[in-house]
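Since the structure comes first, as structure tokens, the remarks are kept for the end.
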Amino acid sequence: MSDISIIGTGNMARAIGARATAGGNTVEVMGRDQSKAADLAKALGGGATTGEWGTAPAGDIVIVALLYDGVVPAVVQYGDALAGKVVVDISNPFNPTFDGLAHREETSIAQEVANAAPAGTSVVKAFNTVFRHVLEKGRPDVFIAGDDARAKATVEAFVESLGMRPLDVGGLKMAHWLEGAGVVTVGLANHGVGNLDFSLGVTALPA
197 MSDISIIGTG
207 NMARAIGARA
217 TAGGNTVEVM
227 GRDQSKAADL
237 AKALGGGATT
247 GEWGTAPAGD
257 IVIVALLYDG
267 VVPAVVQYGD
277 ALAGKVVVDI
287 SNPFNPTFDG
297 LAHREETSIA
307 QEVANAAPAG
317 TSVVKAFNTV
327 FRHVLEKGRP
337 DVFIAGDDAR
347 AKATVEAFVE
357 SLGMRPLDVG
367 GLKMAHWLEG
377 AGVVTVGLAN
387 HGVGNLDFSL
397 GVTALPA
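By this note's numbering, the letter at position 93 of the sequence shown is numbered 289, and the numbering carries on one by one without gaps.
Okay, here's the thing in structure tokens:
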């Protein structure tokens, strides 16, 4: 099991935190609004605690569960407090019409986090292709990308503790394409599938 810190108090923070506590992980919640963080920790149960925003997270894995435009500023604010941690970016930088990415270059929020984070921080992209209520109720595949093999193995073990299957798509540059896959999920929800009751996954042919 893992020690997890979640930066954020929104729906994805709640969904991941609930699965994490149910899976026997230790969870710390950190939010700008201390009362919201305390309320979420209480709702999660399982011994979840509250940390002070901007201070060193207790968890070895730090999940940044913020809207995409708040992710890099938060990492900059935490600064050296993140050194030695595995930082997981789950964000989707959608454009205003949800049919493209907010950034036009071949980059990603995860890559920008890696550029902003202190030395010794490992960044992994994960969870961005799964809708919140599927995280709450399903057992989806979770695609991950990162440059540090040990960090990815740590995140893979955490994902497995949630009852989900981690699938490694390669180095951190692949985070750009995972963010594109996030756009695809919205397109499917609006068109081909017509609802949010699904997630992207991999089906292997029978041996």
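Every residue, glycine too, gets a C-beta built ideally from N, C-alpha and C.
Worksheet item: In this structure, what does DSSP give as the bridge partners for Phe290?
Response: For Phe290, which the question treats as bridged, DSSP gives the partners Leu297.
Discussion item. One question on the structure: do Leu297 and Gly376 come within less than 8 angstroms of each other, judged by their Cβ atoms?
Written reply: Their beta carbons are under 8 angstroms apart, which means Leu297 touches Gly376 by this criterion.
Practice prompt. List the endpoints of the continuous beta strand (DSSP E) containing Ala341.
Written response: Under the DSSP assignment, Ala341 falls in the beta strand (DSSP E) whose first and last residues are Asp337 to Gly342.
Worksheet item: What span of residues does the alpha helix (DSSP H) with Ser198 cover, start to end?
Response: DSSP places Ser198 in no alpha helix (DSSP H); its state is neither H nor E.
Discussion item. Short of 7 angstroms in beta carbon distance, which residues of its chain neighbour Pro336, apart from the five on each side in sequence? Order them along the chain.
Written reply: The residues are Val326, Val330, Met360, Ser395 and Gly397.
Worksheet entry | Expected contact under 8 angstroms - CB spacing of Val260 and Val271 to nearest Å | With 8 angstroms as the limit, Val260 and Val271 qualify as a contact, their Cβ atoms being about 7 angstroms apart.
Discussion item. Using only the alpha-carbon positions, how far apart do Ala233 and Gly250 sit?
Written reply: It is roughly 13 angstroms from the alpha-carbon of Ala233 to the alpha-carbon of Gly250.
Item to complete: State the Cα-Cα distance for the pair Asp276 and Ala306, rounded to the nearest angstrom.
Response: Going by the C-alpha atoms only, they are around 17 angstroms apart.
Discussion item. So, does the region 348 to 367 touch the region 379 to 387, judging by three or more C-beta pairs under 8 angstroms?
Written reply: Fewer than three beta-carbon pairs drawn from the region 348 to 367 and the region 379 to 387 are found closer than 8 angstroms, and the two stretches are therefore not classed as touching.
Worksheet entry | Of the residues Asn221, Gly204, Gly241 and Ser231, the one placed nearest Gly411, counting alpha carbons only | With the chain represented from 197 up to 403, any question about residue 411 goes unanswered, as that position is not in the structure.
Worksheet item: With C-beta atoms as the reference, is Phe323 less than 8 angstroms away from Ser198?
Response: No; because the gap between Cβ atoms is not below 8 angstroms, this pair is not in contact.
Worksheet item: What residue range is occupied by the uninterrupted beta strand (DSSP E) comprising Pro362?
Response: DSSP places Pro362 inside the beta strand (DSSP E), whose first and last residues are Arg361 to Gly366.
Worksheet item: CB Gly378 to CB Asn288, shorter than 8 angstroms?
Response: Asn288 is positioned such that its CB atom lies closer than 8 angstroms to that of Gly378.
Worksheet item: Are the beta-carbon atoms belonging to Leu368 and Ala400 less than 8 angstroms from one another?
Response: Result no, Cβ atoms of Leu368 and Ala400 do not sit closer than 8 angstroms.
Fill in: Close beta carbons around Arg328, own chain, < 6 angstroms, minus the five adjacent residues each side
Once the five neighbours on either side are set aside, the close Cβ partners of Arg328 are Asn207, Met208 and Ala211.
Worksheet item: When you compare each of Asp393, Asp285 and Gly242 to Val258 by their alpha carbons, which one comes out closest?
Response: Of the candidates Asp393, Asp285 and Gly242, the one whose C-alpha sits nearest the C-alpha of Val258 is Asp285.
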